[in-house]
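K.L.:
Here the protein sequences come in this chain order: W and P. Per the working numbering, the very first residue in the first sequence carries number 1; after that it's consecutive. Per the working numbering, the very first residue in the second sequence carries number 1001; after that it's consecutive.
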Amino acid sequence: MKSRTAGLAAAVLFLAIGGSHLFMALYLKRGTLAEPGPGLFPIFVGALMTAASLFYLFQVIFERHPVEFDLRANASRIIILVAAFAAFIALLPRLGFVTPSFLLQFATLHVFGMRGAWRLAIVAAVTTAAAVLLFEILLGVQFPTPLWRL
Amino acid sequence: MNAVEGILYGFSVALQWGNLLACFLGVLIGTIVGVLPGIGPVGAMALLLPVTYTLTPAGAMIMLAGIYYGSMYGGSTTSILVNIPGEVSSMITTLDGYQMARRGRAGPALFVAAIGSFAAGTVGVLGLAFVGPLLSKAALSFGPPEFFALCLLGLMILSRLTGSSLSRSFVMVSAGLALSTIGMEPMSGTSRFTFGVLDLSQGIDLVPIAMGMFGIAEIFTMAEDKLGNTAPLAVKLRELFPTKEEWRRSQSPIIRGSLMGFLFGLLPGPTALIATFSSYALERKLSKYPEQFGKGAIEGVAGPEAANNGAAQGAFIPLLTLGIPFAPASAMLLTALLIHGVQTGPLMMVKNPEVFWGVVSSMYVGNAMLLVLNLPLIGLFVSLLRLPIYVIASIVALLCLVGTYAISNSMLDLWVLLISGVAAYLLRKLRFEPAILVLALALGPILERSFLQSLYLVQGEWVQVFQRPIAAGMLLAGLAVLAAPALFRMGKRIATR
Chain W
1 MKSRTAGLAA AVLFLAIGGS HLFMALYLKR GTLAEPGPGL FPIFVGALMT
51 AASLFYLFQV IFERHPVEFD LRANASRIII LVAAFAAFIA LLPRLGFVTP
101 SFLLQFATLH VFGMRGAWRL AIVAAVTTAA AVLLFEILLG VQFPTPLWRL
Chain P
1001 MNAVEGILYG FSVALQWGNL LACFLGVLIG TIVGVLPGIG PVGAMALLLP
1051 VTYTLTPAGA MIMLAGIYYG SMYGGSTTSI LVNIPGEVSS MITTLDGYQM
1101 ARRGRAGPAL FVAAIGSFAA GTVGVLGLAF VGPLLSKAAL SFGPPEFFAL
1151 CLLGLMILSR LTGSSLSRSF VMVSAGLALS TIGMEPMSGT SRFTFGVLDL
1201 SQGIDLVPIA MGMFGIAEIF TMAEDKLGNT APLAVKLREL FPTKEEWRRS
1251 QSPIIRGSLM GFLFGLLPGP TALIATFSSY ALERKLSKYP EQFGKGAIEG
1301 VAGPEAANNG AAQGAFIPLL TLGIPFAPAS AMLLTALLIH GVQTGPLMMV
1351 KNPEVFWGVV SSMYVGNAML LVLNLPLIGL FVSLLRLPIY VIASIVALLC
1401 LVGTYAISNS MLDLWVLLIS GVAAYLLRKL RFEPAILVLA LALGPILERS
1451 FLQSLYLVQG EWVQVFQRPI AAGMLLAGLA VLAAPALFRM GKRIATR
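Spelled out as structure tokens, the structure:
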């Protein structure tokens, strides 16, 4: 993605968020300045965000030296990591801690350069066991119960 | 209780076995976090927040504060030995510290950095003990308009100090404030922007956002940069001590750096980083050997290292006396205080003296522990750098996820963590500073409450806010901060004509 395009996309996104915030805040009770309602502060915040985003949008359009923005560099690593994190979060309430943790460790170790399926599996298993010992047993963190144990 | 009585009382709290252990764990974890790339002090504090539930409020704060200033010590080790700053505020130390190490003077560089940090810690403790009560007393006369003006001033200074453009800073400020409006309104309890999600009615918690923006985003950056392991230079205990000449050249920079760092720490934003750069520039200007800077000048290590620790200690003043966090780490401490039911703000010193004075005195104890950890035991911490990067990254990833989950066992927090991490990774690429968003999120509820209370107080006649000298002064100062660069540019243009 070209740098200016990325900046423009960000500006439009912030503008949309600011605009939506302002729009939704207008539906809340505003009250008066003497007796402000729950919508008054969000209105100011929404207006500030909209104005700041517009200001940023103009800045991006007229910027002489746009920022370097190259998502392609090692994008696959980032995508794998995001997918691994998302999988951990999605699986945690269904499978409990051990399986999602093992999968996350496996993916992270692979992304950061560890090779060999058996080696990866062993290290992921060891770190997961250490995590169970530390968090579940020593620190008493209550993880969700796997569905098959319910 | 005067300052001396307060410090003595604080020592009686800090030297209790439980609190000593909490302090030791805090500074130990802080040093490890400072040495290792990835998680950072804010992430580590967030991680250990659930662990502190079992401690007393004073013990919890002592441990979390130890992580923060301990990380400043650890950060310098990697800067000097590997040329990689463990913490962003140790960045400037790489310039001369690593050059000294390459010339076989790593030991004196580490020694001076540790002594500088200790001296700054001492200045910080004295500053907190003497300035803190005065500021607290002054803050007792603050009403909602003054707190509102102070929060606004903080946000305005923050938007100017971070180095990103004003428009980017304001986008981040408003995004943080917008996030803070999710959940119940502070006065009436009306639910806002929850979209029917029950978990959102309590608002967006600071921890997952901070953890995502500082921890998860860092993992993505590490994955992108393909950081490899760099063999650290070895240091032996007998090589630690500087020569008489090196020690003589270090003393004044340490004093100047400590004072400068402490004063910078009172301001909002990444003040530790700014303090180190300012200290470096000052030492270079004052040095008899400016040509040695960048090639291994010991002043270039002594000044900035004292400054970053001084700033870390100074940052406690706005939090402990006003209840206002001016740095992401302070925001984490505020979260911990609230969880432990400690009243924050000017009355904290009266209502919870054991927390205030215990933390202040524990800093001195902690700094003494750090001297031992960072000088004779330096080899132990350096060996951590030999851990393969994939092991560090996978541990950090799991710590971020479990640490966030453990706080309130909420799946929503985990999704917020991931989204914040991705967002911060992309925002940094576009030169936005996510730390501003985190701070605005922390300041948002205080700002809104004081804004609404001010309006009730002045019966909607907002002009009356400007008739209160302190509030008006702070608002004007904020405007001056915003307008200053433009005015300077204009002045320069007029002068060149």
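For every residue, glycine included, the Cβ atom is placed at its ideal position computed from N, Cα and C. Computed from a prediction, not measured in an experiment: that's the story for all the values here.
Which residues, in order along the stretch 1045 to 1077 of chain P, keep a beta-carbon less than 8 Å from a beta-carbon of chain W?
P.N.:
Per Cβ criterion, the list reads Pro1050 and Val1051.
K.L.:
For Ile1092/P, I'd like the list of residues in its chain whose CB is within less than 7 Å of its CB, leaving aside the five on either flank, ordered along the chain.
P.N.:
Your numbering for residue 1092/P matches position 92 in the second sequence. Only Thr1276, Phe1277, Tyr1280 and Pro1304 meet the Cβ criterion.
K.L.:
So, with DSSP's three-state summary, where would you put Met1184/P?
P.N.:
For the purposes of this step, residue 1184/P is taken as the residue at position 184 of the second sequence. The answer is strand: DSSP assigns Met1184/P an E or B state.
K.L.:
Is Phe1466/P close to chain W, meaning its C-beta is less than 9 Å from at least one C-beta of that chain?
P.N.:
Here the question's residue 1466/P lines up with position 466 in the second sequence. No - not a single Cβ of chain W is within 9 Å of the one on Phe1466/P.
K.L.:
Is the Cβ of Phe62/W closer than 9 Å to any Cβ of chain P?
P.N.:
As a first step, residue 62/W must be located in the first sequence, where it is residue number 62. Output row for Phe62/W: interface = no.
K.L.:
Cβ-heavy atom distance between Thr1243/P and the ligand MN below 8 Å?
P.N.:
Questions concerning the ligand MN fall outside what the structure shown contains, since it holds no ligand whatsoever.
K.L.:
So Pro1353/P is in the alpha helix (DSSP H); what residue range does that whole segment cover?
P.N.:
Looking up residue 1353/P in the second sequence gives position 353. Residues Pro1353 to Asn1374.
K.L.:
Chain P beta carbons: is any one of them nearer than 9 Å to that of Thr127/W?
P.N.:
Here residue 127/W is taken as the residue at index 127 of the first sequence, counted from 1. By this cut-off, Thr127/W is an interface position.
K.L.:
Since Gly1132/P and Thr1321/P are thought to touch, with beta carbons under 8 Å apart, how far apart are those beta carbons, to the nearest angstrom?
P.N.:
For this step, residue 1132/P is matched to residue 132 along the second sequence. For this step, residue 1321/P is matched to residue 321 along the second sequence. Confirmed, about 5 Å.
K.L.:
What residue from Glu136/W, Gly113/W and His110/W has the CA that sits closest to Val1051/P's CA?
P.N.:
Here the question's residue 1051/P lines up with position 51 in the second sequence. Here the closest residue by C-alpha is Glu136/W.
K.L.:
Straight-line CA distance for Val45/W to Pro1268/P?
P.N.:
On the first sequence, residue 45/W is found 45 positions in, with the first residue counted as 1. On the second sequence, residue 1268/P is found 268 positions in, with the first residue counted as 1. Cα-Cα distance, rounded: 20 Å.
K.L.:
For Leu1399/P, which residues from the same chain have a beta carbon less than 8 Å from its beta carbon, with the 5 sequence-adjacent residues on both sides left out?
P.N.:
As a working mapping, residue 1399/P is identified with position 399 in the second sequence. If we look at Leu1399/P and ignore the five residues flanking it on each side, its Cβ neighbours are Ile1039, Gly1043, Leu1047 and Gly1215.
K.L.:
Less than 6 Å between C-beta atoms, sequence neighbours within five positions excluded: which residues of the same chain meet that for Arg4/W?
P.N.:
To locate residue 4/W, count along the first sequence from 1; it is residue 4. Counting only Cβ-Cβ distances below 6 Å, and skipping sequence neighbours, we find Pro66.
K.L.:
Whole angstroms are fine: how far does the CA of Cys1151/P sit from the CA of Gly113/W?
P.N.:
What you label residue 113/W is simply residue 113 of the first sequence in a count that begins at 1. What you label residue 1151/P is simply residue 151 of the second sequence in a count that begins at 1. Taking the straight line from one Cα to the other gives about 45 Å.
K.L.:
So does the stretch 1300 to 1320 of chain P actually touch the stretch 1095 to 1113 of chain P, counting three or more Cβ pairs closer than 8 Å?
P.N.:
With a cut-off of 8 Å, the stretch 1095 to 1113 of chain P and the stretch 1300 to 1320 of chain P count as touching, because enough Cβ pairs lie within range.
K.L.:
So with CB distances below 7 Å, who are the chain P contacts of His164/W?
P.N.:
This structure does not reach residue 164/W, given that chain W is present from 1 up to 150, and the question cannot be answered.
K.L.:
I believe Val1402/P touches Ile1204/P by the beta-carbon criterion, under 8 Å. Please report the beta-carbon distance rounded to the nearest angstrom.
P.N.:
To locate residue 1402/P, count along the second sequence from 1; it is residue 402. To locate residue 1204/P, count along the second sequence from 1; it is residue 204. Not confirmed; about 20 Å, so no contact.
K.L.:
Quick check on Ser1141/P: does DSSP put it in helix, strand or coil?
P.N.:
By 1-based counting over the second sequence, the position of residue 1141/P is 141. In the structure shown, Ser1141/P sits in coil (DSSP, three-state: anything other than H, G, I, E or B).
K.L.:
Helix or strand or just coil, what does DSSP make of Pro1325/P?
P.N.:
Position 325 of the second sequence holds residue 1325/P. Looking at Pro1325/P - three-state DSSP - the assignment turns out to be coil, as it is neither helix nor strand.
K.L.:
State the DSSP-derived secondary structure class of Pro42/W, mapped to helix, strand or coil.
P.N.:
Numbered from its first residue, the first sequence carries residue 42/W at position 42. Three-state DSSP puts Pro42/W in a helix.
K.L.:
What separation, rounded to the nearest whole angstrom, lies between the Cα atoms of Gly1018/P and Ala1406/P?
P.N.:
Translated into the one-based positions of the second sequence, residue 1018/P becomes position 18. Translated into the one-based positions of the second sequence, residue 1406/P becomes position 406. Roughly 23 Å between the two C-alpha positions.
K.L.:
Using the beta-carbon of each residue, which ones in chain W are nearer than 7 Å to Gly1460/P?
P.N.:
Residue 1460/P sits at position 460 when you count from the first residue of the second sequence. The answer, in chain order, is Thr32, Leu33 and Ala34.
K.L.:
Return the chain-ordered list of same chain residues with a C-beta closer than 6 Å to the C-beta of Ala1472/P, the five sequence neighbours on each side being excluded.
P.N.:
For the purposes of this step, residue 1472/P is taken as residue 472 along the second sequence, with counting starting at 1. The answer, listed in chain order, is Phe1466.
K.L.:
Taking DSSP as the reference, what is the three-state secondary structure of Pro1434/P?
P.N.:
Counted from its first residue, the second sequence places residue 1434/P at position 434. Reduced to three states, the DSSP call for Pro1434/P is helix.
K.L.:
Flag Thr108/W as yes if its beta-carbon sits less than 9 Å from any beta-carbon of chain P, otherwise no.
P.N.:
Taking the first sequence and counting its residues from 1, the one referred to as residue 108/W is at position 108. By this cut-off, Thr108/W is an interface position.
K.L.:
Is it true that the CB of Val1125/P sits closer than 9 Å to the CB of Leu1259/P?
P.N.:
Position 259 of the second sequence, counting from 1, holds the residue named residue 1259/P. Position 125 of the second sequence, counting from 1, holds the residue named residue 1125/P. Not closer than 9 Å, so no.
K.L.:
Since Met1474/P is in the alpha helix (DSSP H), which residue starts that stretch and which ends it?
P.N.:
Reading the second sequence from its first residue, position 474 is the one you call residue 1474/P. Met1474/P -> alpha helix (DSSP H) spans Pro1469 to Thr1496.
K.L.:
Rounded to the nearest angstrom, what separates Met49/W and Gly19/W at their Cα positions?
P.N.:
Along the first sequence, read from residue 1 onward, the residue named residue 49/W stands at position 49. Along the first sequence, read from residue 1 onward, the residue named residue 19/W stands at position 19. Each residue's Cα considered, the two are about 8 Å apart.
K.L.:
Distance, Cα to Cα, Pro1353/P vs Gly1491/P?
P.N.:
Residue 1353/P sits at position 353 when you count from the first residue of the second sequence. Residue 1491/P sits at position 491 when you count from the first residue of the second sequence. Their Cα atoms are separated by approximately 49 Å.
K.L.:
Verify the CB distance criterion: does Gly1203/P have a CB-CB separation below 9 Å to chain W?
P.N.:
The residue given as residue 1203/P occupies position 203 in the second sequence. Output row for Gly1203/P: interface = no.
K.L.:
Mark Glu1291/P as exposed unless 16 or more other C-beta atoms lie within 10 angstroms of its C-beta, in which case mark it buried.
P.N.:
Mapped onto the second sequence, residue 1291/P falls at position 291. Label assigned to Glu1291/P: exposed.
K.L.:
At which residue ranges does the stretch 106 to 132 of chain W contain complete beta strand (DSSP E) runs of 3 or more residues, listed in the order of the chain?
P.N.:
DSSP runs (the beta strand (DSSP E)) wholly in the stretch 106 to 132 of chain W: none.
K.L.:
On the DSSP bridge list, what partners appear for Arg1192/P?
P.N.:
Along the second sequence, one-based indexing puts residue 1192/P at 192. The partner list for Arg1192/P (beta bridge, DSSP) reads Gly1183/P.
K.L.:
Tell me, please, whether the CB atom of Phe55/W is closer than 9 Å to any CB atom in chain P?
P.N.:
As a position in the first sequence, residue 55/W is number 55, starting the count at 1. It does; some Cβ of chain P falls within 9 Å.
K.L.:
Is the shortest distance between the beta-carbon of Ala117/W and the beta-carbons of chain P less than 9 Å?
P.N.:
To locate residue 117/W, count along the first sequence from 1; it is residue 117. Chain P contact via Cβ: absent.
K.L.:
In three-state terms, what does DSSP make of Pro1304/P?
P.N.:
Start at 1 with the first residue of the second sequence, and residue 1304/P comes out as number 304. Three-state DSSP puts Pro1304/P in a helix.
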